Amino acid sequence: MYLEYWGLKKYPFDNVPDPDFFFMSKPHEEGLTRLLYAVERGKGCALLSGEVGAGKTTLDKVLLRKISKERYDIAMIANPCLETKEFLQDILYKLGITDAPESKVEILRILYKKLTDNLDQNKGTLLIIDEAQFIAESTLEEIRLLLNYQLSNRFLLTIFLMGQPELVDKVKAIKQLAQRVEISYFLRSFNFKETTDYIFFREKKAGLSKNVFSKQAIEIVFEHSNGIPRIINNLCDLALLVGSGEKKAMITYEVIKDIIDDGAVF
Ligand SMILES: Nc1ncnc2c1ncn2[C@@H]1O[C@H](COP(=O)(O)OP(=O)(O)OP(=O)(O)O)[C@@H](O)[C@H]1O
Ligand SMILES: [Mg+2]
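Each residue of the sequence shown is one higher than the one before, counting from 5 in my numbering.
If you want it as structure tokens, here you go:
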């Protein structure tokens, strides 16, 4: 729609967790470092929490790119609102076992065998659960039990729980699980400087040679978004659309203010 007007190759503020558009902010870098450390050390459980739209799923995708598929077998669960048994079946499925049995005992036996087979082949196993704030308490209990799969010096399975801040309370409510979370991190939102750098980074990635957002425009974007990338994206994308329609040379404070006042970005 507005690509030609601004001289862009791509849409700079699309809300998709595209690793090619990944901006390595300080909090994202720290989160990534901790999660990679948990993988490499074969830790049992790591927890990444963060506000809605802060970039947890995006971080996930970047993490997946960084982990060697030759050294790790990875099960990624993006929708954990399943009954415990179905949840366990889903883990098997994601580890390549498509004919999961019906009985829970059998599922657990096959899972254990898969974990030890992986180890025999010098492979670690990683279970990543996104949107983990939706996991039922009974399933969280089962996850805790999975952490009993360990050898004398390492865990057979590394579990990442990723989700919104209420996940932390849910985990804390199960003491035996909370104590097994060895690595944890709260992915904070961007400060003003990071918001500015994020906008510049995205513009450049999308093919802009020169920034088109005024300083005052970025200030109000920051104020309205609280540094949450998804909201920054929504505001900036709409601003580029409106700006092109009004034949603006720059995105000014007024363009952003009008969008906010119209209630067009929540
Ligand atoms: N570090 C980053 N670099 C580039 N884009 C980012 C970054 N963090 C977040 N984003 C952008 O913000 C959008 C929202 O991020 P994401 O979906 O990862 O948030 P989330 O924390 O998983 O949100 P939710 O709690 O709703 O699941 C992404 O689609 C992505 O475009
Ligand atoms: Mg997400």
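Cβ coordinates follow ideal geometry from the N, Cα and C atoms, glycine included. Model, not experiment: these values are computed from the prediction.
About 44 angstroms separates the Cβ atoms of Val43 and Tyr9, ruling out a contact at the 8 angstroms cut-off. Annotation: the continuous beta strand (DSSP E) that includes Gly54 extends over 49 to 54.
The set of residues whose C-beta lies within less than 6 angstroms of a heavy atom of ligand 2 reads, in chain order, Lys60, Thr61, Asp134. Taking the Cβ of Asn237 as the reference point, at least one heavy atom of ligand 1 falls within a distance shorter than 7 angstroms.
Distance from Pro233 to Phe194 at the Cβ level is roughly 7 angstroms; contact confirmed, criterion being Cβ atoms closer than 8 angstroms. Leu155 and Leu119 have their alpha carbons spaced roughly 11 angstroms apart. Relative to the non-hydrogen atoms of ligand 1, the Cβ of Ala82 never comes closer than 7 angstroms to any of them. As for any beta strand (DSSP E) of minimum length 3 sitting wholly inside the stretch 64 to 93, the runs are 76 to 81, ordered along the chain. Distance from the C-beta of Asn195 to the nearest heavy atom of ligand 1 is not below 7 angstroms. Taking the CA atoms as reference points, Leu151 sits about 33 angstroms from Phe27.
In this structure, Lys209 lies near Phe25, with their beta-carbon atoms less than 8 angstroms apart.
The beta carbon of Glu198 sits closer than 6 angstroms to those of Ser29, all from its chain and outside the five residues before and after it, given in chain order. For a cut-off of 8 angstroms, the C-beta gap from Phe190 to Ser72 is around 27 angstroms, too long to register as a contact. Counting along the chain, no alpha helix (DSSP H) covers Gly231, and no H or E run does either. Annotated as distal: Gly48 and Phe196, with beta-carbon spacing of 8 angstroms or more.
For Ile264, no beta strand (DSSP E) segment is defined; the enclosing uninterrupted segment is the alpha helix (DSSP H) at 257 to 265.
In this structure, ligand 1 has no non-hydrogen atom nearer than 7 angstroms to the beta-carbon of Arg69. DSSP places Phe204 inside the alpha helix (DSSP H), whose first and last residues are 196 to 209.
Inclusion of Arg234 in the 7 angstroms shell around ligand 1 follows from its C-beta lying nearer than that to a non-hydrogen atom of the ligand. Note that the C-beta distance between Val269 and Asn230 is not below 8 angstroms.
For Gly167, the uninterrupted beta strand (DSSP E) run begins and ends at 161 to 167, by DSSP. Per DSSP, reduced to three states, the secondary structure at Glu106 is coil, with no helix or strand assignment. Leu245 carries a helical assignment under DSSP once its states are collapsed to helix, strand and coil.
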